[in-house]
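Numbering (this note's numbering), first residue to last: 8 to 396.
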């Protein structure tokens, strides 16, 4: 969370630059999380000598963790209620259906799981719209007091020729800055007022530290990728093992060419080797891999990834063959606890979004519900709850 001292009126270039510097310092972390969610793991950048096998096998743990968490969080979607104000609740639901697409909440939940926060923006043309933004390019700045009041939202846009446009959303204006120097705010090019009455950008945090669901297990994912890649490389090197000859002067024999490369070619072709006497021998020089130990390590890494990301392994081997309701509830217990934390933070973002949309309805002369009294509930399955007796 980026904070600044509260200011009156429009933010100055110094304040915008200070917030931008803090964000850009953290941006490489966000870019790495995005890469891993898309399967672009660090193992893909590994190099080896030209003549050695170089298998590079990324595994989809990050994507699995993020999608499992987002799907379990939302379930059948979000339900809004307003006690004794059915008309207001209906108006709010209609506005939200028109303003956002069907995948908006899921997009925000996926961002929440990958980056540790999702970002939405309310914007207007002929109608009001709510869109999910890329957290790698958008963030909200808060005041540095205990209430954490939103001061402004900042969106970065990059032009092909290298220019950077910084759009700043305050509770009154939309300010645009343009710079040809990356990392600098540049000069203000426009200031357009809006009538939403609040900062139109909202963040949906994943937890108090704004960390992604798989961020803490990335070292384990790297270790798993490395183990699987090296295991396949060993198989490739086994096929190219060295032939060790003891008591033999060379591969060439009488009546055959003395050129060693030609002799080696003939050996590969004829698959036959004549030894001069009983003391001579030929054997392959290979690395004897202990497959059992490798399997134990692989399983231990996979189990740790599931355990520390609090994401269950629901594959048949991960369930140990027990698919009873009690076993499934036990497996989902850690995910349920993590999801309850995510749910509280997600609802906090939805509440902030509700304040914005309800203020818009009121400004249009349409009856709006009280955002503080609205009920916001996730319609997800309560698998971990004990059945009623």
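Glycine included, each C-beta is placed from N, C-alpha and C at the ideal position.
Original post:
Of the residues 132, 199, 96 and 85, which one's Cα is nearest the Cα of residue 109?
Top reply: Here residue 109 is taken as the residue at index 102 of the chain shown, counted from 1. The shortest C-alpha separation from residue 109 is found at 85.
**OP:** Reducing DSSP to helix, strand and coil, say where residue 136 ends up.
**Re:** Within the chain shown, residue 136 is the residue found at index 129, counting from 1. If DSSP states are grouped into helix, strand and coil, residue 136 belongs with the strands.
**OP:** Quick one: which unbroken beta strand (DSSP E) runs of 3-plus residues sit fully inside the segment 54-100? Chain order, please.
**Re:** With a minimum length of 3 residues, the continuous beta strand (DSSP E) runs that stay inside the segment 54-100 are 85-88.
Original post:
residue 306: which of 58, 122, 198 and 232 sits nearest, CA to CA?
Top reply: To locate residue 306, count along the chain shown from 1; it is residue 299. Each of 58, 122, 198 and 232 was checked against the Cα of residue 306, and the nearest Cα belongs to 232.
Original post:
Alpha carbon to alpha carbon, what distance is there between residue 355 and residue 24?
Top reply: The residue given as residue 24 occupies position 17 in the chain shown. The residue given as residue 355 occupies position 348 in the chain shown. Looking at the two C-alpha atoms, the distance is approximately 28 angstroms.
Original post:
residue 352 to residue 331, Cα distance in whole Å?
Top reply: Indexing the chain shown from 1 puts residue 352 at position 345. Indexing the chain shown from 1 puts residue 331 at position 324. Annotation: residue 352 to residue 331 spans about 32 angstroms, alpha carbon to alpha carbon.
Original post:
What is the DSSP secondary structure of residue 166, reduced to helix, strand or coil?
Top reply: The sequence position of residue 166 within the chain shown is 159, counting from 1. Of the three classes helix, strand and coil, the one that applies to residue 166 here is coil, per DSSP.
Original post:
Which same chain residues, not among the five before or five after residue 64, have their C-beta less than 8 angstroms away from its C-beta?
Top reply: Within the chain shown, the letter at position 57 stands for residue 64. Within the same chain, 50, 232, 235, 236 and 239 come within 8 angstroms of residue 64 by CB-CB distance, once the 5 residues on both sides are set aside.
Original post:
Secondary structure at residue 177, three-state DSSP: helix, strand or coil?
Top reply: As a position in the chain shown, residue 177 is number 170, starting the count at 1. Residue 177: coil per DSSP, three-state reduction.
Subject >> Nearest neighbour of residue 341, chosen from 316, 364 and 360 [CA to CA] >> reply: Your numbering for residue 341 matches position 334 in the chain shown. Ranking 316, 364 and 360 by Cα distance to residue 341 puts 316 first.
Original post:
Exposed or buried, residue 395, counting other C-beta atoms within 10 Å across all chains shown (16 or more means buried)?
Top reply: Sequence index remark: in the chain shown, residue 395 carries index 388 (1-based). Unreliable placement is indicated for residue 395, whose pLDDT of 47 sits below 50; the coordinate value is still reported in the next sentence. Label assigned to residue 395: exposed.
**OP:** Just the C-alpha distance for residue 345 and residue 290, rounded to the nearest angstrom, thanks.
**Re:** Residue numbering aside, residue 345 sits at position 338 when the chain shown is read from its first letter. Residue numbering aside, residue 290 sits at position 283 when the chain shown is read from its first letter. One alpha carbon belongs to residue 345, the other to residue 290, and they sit about 56 angstroms apart.
Subject >> Residues sharing a beta bridge with residue 210, DSSP >> reply: Within the chain shown, residue 210 is the residue found at index 203, counting from 1. According to DSSP, residue 210 bridges with 126.
**OP:** Rounded to whole angstroms, what's the CA-CA distance from residue 122 to residue 129? Just pull it up for me.
**Re:** Taking the chain shown and counting its residues from 1, the one referred to as residue 122 is at position 115. Taking the chain shown and counting its residues from 1, the one referred to as residue 129 is at position 122. If you take the alpha carbons of residue 122 and residue 129, they lie about 21 angstroms apart.
**OP:** For the segment 331-358, list the alpha helix (DSSP H) runs that are entirely contained and at least 4 residues long, ordered along the chain.
**Re:** With a minimum length of 4 residues, the continuous alpha helix (DSSP H) runs that stay inside the segment 331-358 are 332-338.
Original post:
What does residue 186 pair with, by DSSP beta-bridge criteria?
Top reply: Stepping through the chain shown from its first residue, residue 186 is reached at position 179. Residue 186 is bridged to 171.
Subject >> DSSP-derived helix/strand/coil call for residue 222 >> reply: To locate residue 222, count along the chain shown from 1; it is residue 215. Residue 222: helix per DSSP, three-state reduction.
Original post:
What do you get for residue 261, buried or exposed, if any count of 16 or more other CB atoms within 10 angstroms of its CB means buried?
Top reply: As a working note, residue 261 is residue 254 in the chain shown. Reliability of the predicted coordinates at residue 261 is poor, the pLDDT of 48 falling under 50, and no value is obtained from them.
**OP:** Output the distance between the C-alpha atoms of residue 33 and residue 124, rounded to the nearest integer angstrom.
**Re:** Counting from one through the chain shown, the residue named residue 33 turns up at place 26. Counting from one through the chain shown, the residue named residue 124 turns up at place 117. Here the alpha carbon of residue 33 sits roughly 13 angstroms from the alpha carbon of residue 124.
Original post:
Should residue 66 go down as buried or exposed, given a rule of 16 or more other Cβ atoms within 10 Å for buried?
Top reply: Locating residue 66 in the chain shown gives position 59, counting from the first residue. It is buried - the Cβ of residue 66 has at least 16 other Cβ atoms within 10 Å.
Original post:
How far does the alpha helix (DSSP H) with residue 322 in it reach, from first residue to last?
Top reply: Counted from its first residue, the chain shown places residue 322 at position 315. DSSP places residue 322 in no alpha helix (DSSP H); its state is neither H nor E.
**OP:** Work out the CA separation of residue 58 and residue 288 for me, nearest whole Å.
**Re:** Translated into positions along the chain shown, residue 288 becomes position 281. Translated into positions along the chain shown, residue 58 becomes position 51. Rounded to the nearest angstrom, the two C-alpha atoms are 27 angstroms apart.
Original post:
With distances taken between CB atoms, is the gap from residue 361 to residue 384 smaller than 8 angstroms?
Top reply: Here residue 361 is taken as the residue at index 354 of the chain shown, counted from 1. Here residue 384 is taken as the residue at index 377 of the chain shown, counted from 1. Contact: no.
Subject >> Three-state secondary structure assigned by DSSP to residue 147 >> reply: Position 140 of the chain shown, counting from 1, holds the residue named residue 147. Of the three classes helix, strand and coil, the one that applies to residue 147 here is strand, per DSSP.
Original post:
Helix, strand or coil: how does DSSP classify residue 35 here?
Top reply: One-based indexing of the chain shown puts residue 35 at position 28. The answer is helix: DSSP assigns residue 35 an H, G or I state.
Original post:
Does the separation of the CB atoms of residue 37 and residue 143 fall below 8 angstroms?
Top reply: Residue 37 sits at position 30 when you count from the first residue of the chain shown. Residue 143 sits at position 136 when you count from the first residue of the chain shown. Yes, the pair counts as a contact, with Cβ atoms nearer than the cut-off.
Original post:
Alpha carbon to alpha carbon, what distance is there between residue 269 and residue 43?
Top reply: Taking the chain shown and counting its residues from 1, one reaches residue 43 at position 36. Taking the chain shown and counting its residues from 1, one reaches residue 269 at position 262. Roughly 47 angstroms separates the two Cα atoms.
Original post:
Skipping 5 residues on each side, what residues in its chain have a beta carbon closer than 8 angstroms to that of residue 41?
Top reply: Counting from one through the chain shown, the residue named residue 41 turns up at place 34. Excluding the 5 residues flanking it on each side, residue 41 has same chain C-beta neighbours closer than 8 angstroms at 121, 122 and 143, in chain order.
**OP:** Might you give, ordered along the chain, the residues of its own chain that have their beta carbon closer than 6 angstroms to the beta carbon of residue 156, omitting 5 neighbours on each side?
**Re:** In the chain shown, the residue the question calls residue 156 occupies position 149. Around residue 156, the same chain offers 150 as residues with beta carbons nearer than 6 angstroms, after the five sequence neighbours per side are excluded.
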